[in-house]
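S.K.:
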Amino acid sequence: MDPVAARRIIRLGFGTALAMLVSQVFSWDIAFITPVLLCFLLSVPMKAPGLKGGLAFLMALLAGIWLTTWLILPFLTYQSGVGVLLLIAACFWSFYYSASGGSPVMGGFLTLGLAVVAAVGSDSIQQLLTINKALSLNAFLAVAFLWIAHALFPDVPVEAAAPKRPPAEKPSRQDAIRSAWRSTAVVLPVILFFLLYAGSSSYMAVMIKVASMGQQAAADKAREAGKALLASTVIGGIGAVIMWNLLDIWPSLIIYVLLTALGGLIMGRKIFEGQGMHAGAGVWSYAYLTMLVIIAPSLMDSPGGDAAGAKFYDRLAMMFWATVYATAAVSVFDAFWRSKAPQTVVE
Numbered sequence: 002m003d004p005v006a007a008r009r010i011i012r013l014g015f016g017t018a019l020a021m022l023v024s025q026v027f028s029w030d031i032a033f034i035t036p037v038l039l040c041f042l043l044s045v046p047m048k049a050p051g052l053k054g055g056l057a058f059l060m061a062l063l064a065g066i067w068l069t070t071w072l073i074l075p076f077l078t079y080q081s082g083v084g085v086l087l088l089i090a091a092c093f094w095s096f097y098y099s100a101s102g103g104s105p106v107m108g109g110f111l112t113l114g115l116a117v118v119a120a121v122g123s124d125s126i127q128q129l130l131t132i133n134k135a136l137s138l139n140a141f142l143a144v145a146f147l148w149i150a151h152a153l154f155p156d157v158p159v160e161a162a163a164p165k166r167p168p169a170e171k172p173s174r175q176d177a178i179r180s181a182w183r184s185t186a187v188v189l190p191v192i193l194f195f196l197l198y199a200g201s202s203s204y205m206a207v208m209i210k211v212a213s214m215g216q217q218a219a220a221d222k223a224r225e226a227g228k229a230l231l232a233s234t235v236i237g238g239i240g241a242v243i244m245w246n247l248l249d250i251w252p253s254l255i256i257y258v259l260l261t262a263l264g265g266l267i268m269g270r271k272i273f274e275g276q277g278m279h280a281g282a283g284v285w286s287y288a289y290l291t292m293l294v295i296i297a298p299s300l301m302d303s304p305g306g307d308a309a310g311a312k313f314y315d316r317l318a319m320m321f322w323a324t325v326y327a328t329a330a331v332s333v334f335d336a337f338w339r340s341k342a343p344q345t346v347v348e
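As numbered in this note's numbering, residues 2 to 348 make up the sequence shown, in order.
Okay, structure coming up:
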C-alpha cells in the first residue's frame with residue numbers, strides 16, 4: 002500500500018477514535034458532534050491546516066449557524082415567504098461553492114450549520130441558542146483534534162511518496178449550477194419538514210446525515226449520485242447495527258473506541274489511494290460518517306436500555322427513508338434537467 006494512503010487511513014481511524022474517547026469521557030453538550038466533524042475533516046486528503054486554515058473551517062460552520070439564527074429564522078417566523086427564499090438562496094450558495102471547485106470541507110460546514118439550525122430552530126429560541134453554543138464548542142474541538150491527529154500521525158514526506166495524480170478538471174459554471182440545484186432539491190424539503198416537526202432537535206443526527214447527502218449529491222456525477230447516496234447509507238447502517246449489537250453484548254467504552262477505529266481503518270482503504278482519493282471514496286467516506294451519526298447519539302441515550310434501542314432503530318429508519326427520498330429526488334431532478342456533459346460509452 003502507498004505510504005501516503007496508509008498514513009491517512011491510520012490518521013482517520015485512530016484520530017476519530019481519540020476524539021470519540023475524549024468526547025465520551027468528558028460528555029459535553031452533544032459531544033458526538035466532535036468526532037463526526039473530525040471524521041469529515043480527516044476524510045479529505047489535505048495537509049494539516051495552519052492557524053488561518055483552522056479558523057477558516059471554524060468560521061464556515063459558525064457562519065452557517067449564526068447567520069441562520071439571526072437572519073433566516075426571524076424571517077421564517079414572521080415573513081415565511083421571504084424566509085424560505087433566503088433559505089433556498091443560502092442552501093444553493095453553499096452547494097454551489099463546493100460544486101464549482103471550492104473546498105468540500107468549507108461547503109460541508111456551511112451546509113451543516115444551515116441545515117441543523119434551520120431544522121431545530123422551530124422548537125424554542127432558548128434551546129436553539131443552547132444548541133448553537135454547543136455546536137460552536139464542538140466545531141472548535143474538532144479543529145483542535147484535527148491538529149492533534151496530524152501531530153500524532155504526520156504526513157509522509159513527499160520524497161517517499163508515489164507521483165501525484167493530475168488535478169481534477171474544474172467543473173463548468175453550468176454544471177456547477179445544475180449540481181447545486183440538485184443538492185438543494187435533496188436537502189431543502191427535509192429542512193422544511195423538520196421546521197414543522199415537533200421535537201425536531203432530537204433528530205439533529207438525521208439532519209447531519211441529510212446535509213452530508215446534499216454535499217455528496219453535489220460531488221457525484223449524475224448517473225452515480227442516486228446509487229452512491231443509497232450505498233453509503235446501507236453500508237453505514239450495517240456498520241452501525243454491527244457496532245450496536247457488539248456493544249450490547251459487551252458494553253465497554255474501550256470496545257466502542259476500538260470499533261470506531263476499526264471502522265475507520267476498514268473504510269479508509271476505500272477512501273484513500275496513493276496521494277489522492279479512491280474511486281469509491283465518496284461512498285465510503287459518507288458511509289463512515291453515517292455509521293458515526295447513527296451510533297454515537299444512540300449511545301448517549303444509555304446503551305443497552307429499551308429506550309436507547311428504540312431511538313437507535315428510530316434514527317436508522319428515519320435516515321433510511323431520508324435516503325430513499327434523496328435518491329428519488331436525484332432521479333427525478335436528473336430526468337427533468339439532464340446534464341449536457343458527454344457520456345462515455347464502454348463497449
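Using N, Cα and C, we set each Cβ at its ideal position, and we do this for glycine too.
When the distance is taken between beta carbons, is residue 274 closer than 9 Å to residue 6?
M.R.: As a position in the sequence shown, residue 6 is number 5, starting the count at 1. As a position in the sequence shown, residue 274 is number 273, starting the count at 1. Closer than 9 Å, so yes.
S.K.: Identify which residue in 71, 192, 338 and 63 has its Cα closest to the Cα of residue 108.
M.R.: On the sequence shown, position 107 is the one that residue 108 refers to. Comparing Cα-Cα distances from residue 108 to each of 71, 192, 338 and 63, the minimum goes to 63.
S.K.: For a quick check, are the C-beta atoms of residue 291 and residue 241 less than 9 Å apart?
M.R.: Translated into positions along the sequence shown, residue 291 becomes position 290. Translated into positions along the sequence shown, residue 241 becomes position 240. Contact: yes.
S.K.: On a CA-only basis, which of 232, 145, 8 and 22 is nearest residue 253? Give me that one, please.
M.R.: In the sequence shown, counting from the first residue as 1, residue 253 sits at position 252. Of all alpha-carbon atoms in 232, 145, 8 and 22, the one lying nearest the alpha-carbon of residue 253 is that of 22.
S.K.: Using a 10 Å radius around the Cβ and a threshold of 16 neighbouring Cβ atoms, would you call residue 174 buried or exposed?
M.R.: Working through the sequence shown from its first residue, we reach residue 174 at position 173. By the neighbour-count rule (16 or more Cβ atoms within 10 Å), residue 174 is not buried but exposed.
S.K.: Using 9 Å as the threshold, is the C-beta distance between residue 230 and residue 324 below it?
M.R.: Your numbering for residue 230 matches position 229 in the sequence shown. Your numbering for residue 324 matches position 323 in the sequence shown. Yes, the pair counts as a contact, with Cβ atoms nearer than the cut-off.
S.K.: Any idea if residue 99 is buried or exposed, counting beta-carbon neighbours within 10 angstroms, 16 or more meaning buried?
M.R.: If you number the sequence shown from 1, residue 99 lands on position 98. Label assigned to residue 99: buried.
S.K.: Between 244, 193, 281 and 312, which has its C-alpha nearest residue 262's C-alpha?
M.R.: Taking the first residue of the sequence shown as position 1, residue 262 is located at position 261. Of the listed residues, the one whose Cα sits closest to residue 262 is 244.
S.K.: Can you tell which of 280, 141 and 296 has the C-alpha that lies nearest to the C-alpha of residue 54?
M.R.: Counted from its first residue, the sequence shown places residue 54 at position 53. Comparing alpha-carbon positions, the option among 280, 141 and 296 lying closest to residue 54 turns out to be 141.
S.K.: Which of the three DSSP states is assigned to residue 306 in this structure?
M.R.: Start at 1 with the first residue of the sequence shown, and residue 306 comes out as number 305. In this prediction, residue 306 has a pLDDT of 39, which is less than 50 and means its spatial position is unreliable; what the coordinates show is noted afterwards. When DSSP states are grouped into helix, strand and coil, residue 306 belongs to the coil group.
S.K.: I'd like the list of long-range same chain contacts for residue 281, defined as Cβ closer than 6 Å, with 5 residues on each side in sequence excluded.
M.R.: Position 280 of the sequence shown, counted from the start, is the residue given in the question as residue 281. Answer for residue 281: 271, listed in chain order.
S.K.: Could you check what DSSP says for residue 244 in three-state terms: helix, strand or coil?
M.R.: For the purposes of this step, residue 244 is identified with residue 243 of the sequence shown, where counting begins at 1. Three-state DSSP puts residue 244 in a helix.
S.K.: What separation, rounded to the nearest whole angstrom, lies between the Cα atoms of residue 189 and residue 92?
M.R.: Counted from its first residue, the sequence shown places residue 189 at position 188. Counted from its first residue, the sequence shown places residue 92 at position 91. Approximately 7 Å between the Cα atoms of the pair.
S.K.: Where do the ends of the alpha helix (DSSP H) carrying residue 279 lie?
M.R.: Mapped onto the sequence shown, residue 279 falls at position 278. Careful: residue 279 lies outside any alpha helix (DSSP H) and carries neither H nor E.
S.K.: Count the other CB atoms within 10 Å of the CB of residue 210; is the residue buried (16 or more) or exposed (fewer)?
M.R.: Here residue 210 refers to the residue found at position 209 when the sequence shown is read from its first residue. Residue 210 is buried by the Cβ-count criterion.
S.K.: Using CA coordinates, which residue listed in 96, 248 and 69 is at the minimum distance from residue 85?
M.R.: Here residue 85 corresponds to residue number 84 of the sequence shown, with the count starting at 1. Comparing Cα-Cα distances from residue 85 to each of 96, 248 and 69, the minimum goes to 69.
S.K.: Does the beta-carbon of residue 289, which I'm using as the reference point, lie nearer than 8 Å to any heavy atom of the ligand MN?
M.R.: Ligands in the displayed structure: none, and consequently the ligand MN is not present.
S.K.: Could you give the DSSP three-state label for residue 93: helix, strand or coil?
M.R.: For this step, residue 93 is matched to residue 92 along the sequence shown. In the structure shown, residue 93 sits in a helix (DSSP, three-state: H, G or I).
S.K.: Locate the alpha helix (DSSP H) running through residue 190, then write down its first and last residues.
M.R.: As a working note, residue 190 is residue 189 in the sequence shown. From DSSP, the alpha helix (DSSP H) with residue 190 extends over 174 to 196.
S.K.: When you compare the CB positions of residue 152 and residue 295, do they come within less than 9 Å of one another, or not?
M.R.: Against the sequence shown, residue 152 aligns to sequence position 151. Against the sequence shown, residue 295 aligns to sequence position 294. It is not a contact, given that the beta carbons lie outside the stated cut-off.
S.K.: Answer yes or no: do residue 14 and residue 266 have a C-beta to C-beta separation smaller than 9 Å?
M.R.: Looking up residue 14 in the sequence shown gives position 13. Looking up residue 266 in the sequence shown gives position 265. Closer than 9 Å, so yes.
S.K.: Skipping 5 residues on each side, what residues in its chain have a beta carbon closer than 7 Å to that of residue 37?
M.R.: The residue labelled residue 37 in the question sits at position 36 within the sequence shown. If we look at residue 37 and ignore the five residues flanking it on each side, its Cβ neighbours are 209, 290, 293, 294 and 297.
S.K.: Check residue 273 in the structure and name its three-state DSSP category.
M.R.: Your numbering for residue 273 matches position 272 in the sequence shown. Residue state, collapsed to three classes: strand.
S.K.: If you reduce the DSSP assignment to three classes, tell me which class residue 161 lands in.
M.R.: Here residue 161 corresponds to residue number 160 of the sequence shown, with the count starting at 1. Unreliable positioning characterises residue 161 in this predicted model, as indicated by a pLDDT of 46, which lies under 50. A coordinate reading is not provided.
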